[in-house]
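Asker: Be aware that the sequence shown starts at 1, since it is given in UniProt numbering, and climbs by one per residue.
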Amino acid sequence: MEESKGPKAKFSAGAVHVAIWENTGKEGMQYNTISIEKHYKSGEEWKTTKSLRTNELPKAILALQKAYEYLALRGQEA
1 MEESKGPKAK FSAGAVHVAI WENTGKEGMQ YNTISIEKHY KSGEEWKTTK SLRTNELPKA
61 ILALQKAYEY LALRGQEA
């Protein structure tokens, strides 16, 4: 079994977090995927969701732009 690797890079804007993951396809070709999530506190417990409120969209855009810039500067935006 292959050991799970962490994200290649992470970017945050407030409670919104974006991660870049490196993947390998069936034919050995490598590609990147992006995940986005929000962390929030419910009572004493921290939780995670993939849903965002309207006022959180600018933060999501900023974090996604940082992720795109990271990949573009390395020639990996495709």
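Glycine included, every Cβ here is placed at the ideal spot set by N, Cα and C.
Being a predicted model, the structure only gives us computed values, none of them experimental.
Measuring only the C-alpha atoms, how far is V16 from A67?
Answerer: Walking along the sequence shown from the start, residue 16 turns up at place 16. Walking along the sequence shown from the start, residue 67 turns up at place 67. Straight-line Cα distance between these residues: approximately 13 Å.
Asker: Where S42 and F11 are concerned, what is the direct C-alpha to C-alpha distance, given to the nearest angstrom?
Answerer: Along the sequence shown, read from residue 1 onward, the residue named residue 42 stands at position 42. Along the sequence shown, read from residue 1 onward, the residue named residue 11 stands at position 11. Answer to the nearest angstrom: the Cα atoms are 23 Å apart.
Asker: First and last residue of the alpha helix (DSSP H) that includes A9?
Answerer: In the sequence shown, counting from the first residue as 1, residue 9 sits at position 9. Run containing A9: none in the alpha helix (DSSP H); it sits in the beta strand (DSSP E), 9-13.
Asker: Select from A13, E22, K38 the residue whose C-alpha is nearest the C-alpha of Y31.
Answerer: Locating residue 31 in the sequence shown gives position 31, where the first residue counts as 1. It is E22.
Asker: Express the C-alpha separation of A19 and L71 in angstroms, rounding to a whole number.
Answerer: Locating residue 71 in the sequence shown gives position 71, counting from the first residue. Locating residue 19 in the sequence shown gives position 19, counting from the first residue. The alpha-carbon atoms of L71 and A19 are separated by roughly 12 Å.
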